[in-house]
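Chains as they are written, first to last, in this note's numbering: chain P, 534 to 664; chain A, 39 to 361.
Right, here's the structure in full:
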């Protein structure tokens, strides 16, 4: 079983690596690839733009101090099919964000998944609803 | 199902679910791709006809984030269509070890000047990519991407309008257009130092998008030539390959059938490259409904300023950690 588990995890890791995104704007030079951070906080800004939107939120750090996070996504047209809209977040919303942080230690990253106050999460796992 | 199967399967699902899908480029809502019409038998190609709304035949097939598709710094895996990522990369000449593909041997044949220009560019993609904070890509300040970068970097949904005298190309990315003249005129002989006469139909001047003229070489193949570019402020692609005021571009459109068009791009510039080279090799485009609305992807300087103040300029590896 142990060998089977290791083999399957190896396949999963390979698929995960193969899922590294194709970015329209920038690559991964600034991100700590594979690292994940989850933070729960309150939205302070949802900026809808091209080539990147970003979500800013305040969350309590390990020491209890407030950390001002900013996490980016792709541009608006690219994330519309994944369920995001300009109205997805408003200031004061509670969110739980899983992100891939930048390498330099600042509270920045790219958004991998967000759980909204009502328990729903984005991005949607669906493809193009028109096809 | 046995526990032996369930546990590894859950691990697989968890890893996949946690992949950074928010950044992936998906299909355009409302567009039709070849995968949606498996087994179709398209009708014959119409004669001398390019008009219509066109979308790459595979979702995101025209987005060449890491460099021009036929000469990219890293190749896409044929089976998955995804880029091959190097996990333990060496440091590049930009000073960064990028967790990315690294195959400079497939780069174009630079001259000494071309290589010097390349190394002056700090792109945010490709094997020489740098963090946002230290890039010098002109389009990230909303300079026009120009031609052929509009095709070699971010070819998205586009419309071709065809008239008896010219074609108009309407591009989604940066919401731009260009004209290809088909009225028999020639390219400016020396667009950088023109001798303008009243006989000229256009007063030549260096342009972000150059001058383009085209003709049908047969009933299904249209070839356009472009020269008269601005200067080094336009790059050829997203990986920072250089372009200059002496660059000439040959653009070939081959109408394969009623639903498909293939687009190729060849670059000639003796100042930068030792020989002409193909940057895009038969990118397959699919005809869409004329009712398909083309989304807006405008570059707003004020949006870019806000982005850099709050994110991009803080991403440098030398930036001090802070909260």
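Glycine included, each C-beta is placed from N, C-alpha and C at the ideal position.
For residue 265/A, the three-state secondary structure derived from DSSP is strand.
The segment 160 to 179 of chain A and the segment 293 to 301 of chain A do not touch, with fewer than 3 CB-CB distances between them shorter than 8 Å.
Its chain contains 242, 244, 249, 265 and 266 as the residues whose beta carbon lies nearer than 7 Å to that of residue 229/A, once the 5 sequence neighbours on both sides are disregarded; these appear in chain order.
Using a Cβ-Cβ cut-off of 7 Å, residue 354/A is close to 637 of chain P, given in chain order. Contact with chain A is found for residue 608/P, since one of that chain's Cβ atoms lies less than 8 Å from the residue's Cβ. In this structure, residue 215/A lies near residue 208/A, with their beta-carbon atoms less than 8 Å apart.
Per the coordinates, the alpha-carbon of residue 253/A lies some 31 Å from the alpha-carbon of residue 336/A.
At a cut-off of 8 Å between beta carbons, residue 580/P contacts chain A.
Identification of chain P residues near residue 170/A by a Cβ-Cβ cut-off of 8 Å yields 559 and 563, ordered along the chain. Between residue 646/P and residue 653/P, the C-beta gap is not smaller than 8 Å, which leaves the two residues out of contact.
Taking 4 residues as the minimum length, the segment 246 to 303 of chain A contains no alpha helix (DSSP H) run wholly inside it. With contacts defined as CB atoms closer than 8 Å, residue 103/A and residue 278/A fail to qualify as a contacting pair.
Think of a sphere of 7 Å around the beta carbon of residue 344/A: the chain P residues whose beta carbon falls inside it are 580, in chain order. Using a Cβ-Cβ cut-off of 7 Å, residue 641/P is close to 349, 352 and 353 of chain A, given in chain order. Within chain P, the C-beta atoms nearer than 7 Å to that of residue 337/A come from 583, in chain order. Not a single CB atom of chain A sits nearer than 8 Å to the CB of residue 634/P.
No Cβ-Cβ contact shorter than 8 Å links residue 617/P with residue 602/P. Taking CB atoms only, residue 603/P has a neighbour in chain A less than 8 Å away. The three-state reading of DSSP puts residue 205/A in strand, counting E and B together.
Chain-ordered, the chain A residues with CB closer than 8 Å to the CB of residue 587/P read 345, 348 and 349. Taken atom to atom, the span from the alpha-carbon of residue 574/P to that of residue 94/A is near 40 Å.
Take residue 86/A, set aside five residues on each side of it, and the residues of its chain with a beta-carbon closer than 7 Å to its own are 254 and 257, in chain order. Between residue 259/A and the set 354/A, 186/A, 294/A and 154/A, the nearest pair of CA atoms involves 294/A.
Not flagged as an interface residue toward chain P: residue 146/A, since no C-beta distance is shorter than 8 Å. Among the bridge pairs identified by DSSP, residue 586/P is matched with 606/P. If you draw a straight line from the Cα of residue 73/A to the Cα of residue 117/A, it comes to about 15 Å.
The alpha-carbon of residue 211/A is positioned some 14 Å away from that of residue 198/A. Going by beta carbons, residue 642/P and residue 626/P fall outside the 8 Å limit.
Residue environment: residue 287/A is assigned as buried (16 or more neighbouring CB atoms within 10 Å of its CB, all protein chains considered). Annotated as proximal: residue 170/A and residue 353/A, with beta-carbon spacing under 8 Å. Chain P places no beta carbon closer than 8 Å to that of residue 91/A, leaving this residue out of the contacts. Taking C-alpha positions only, residue 96/A is separated from residue 204/A by approximately 28 Å. When Cβ-Cβ separations below 8 Å define contact, residue 162/A makes contact with chain P.
Contact of residue 134/A with chain P by beta-carbon distance below 8 Å involves 562. Going by beta carbons, residue 330/A and residue 91/A fall inside the 8 Å limit.
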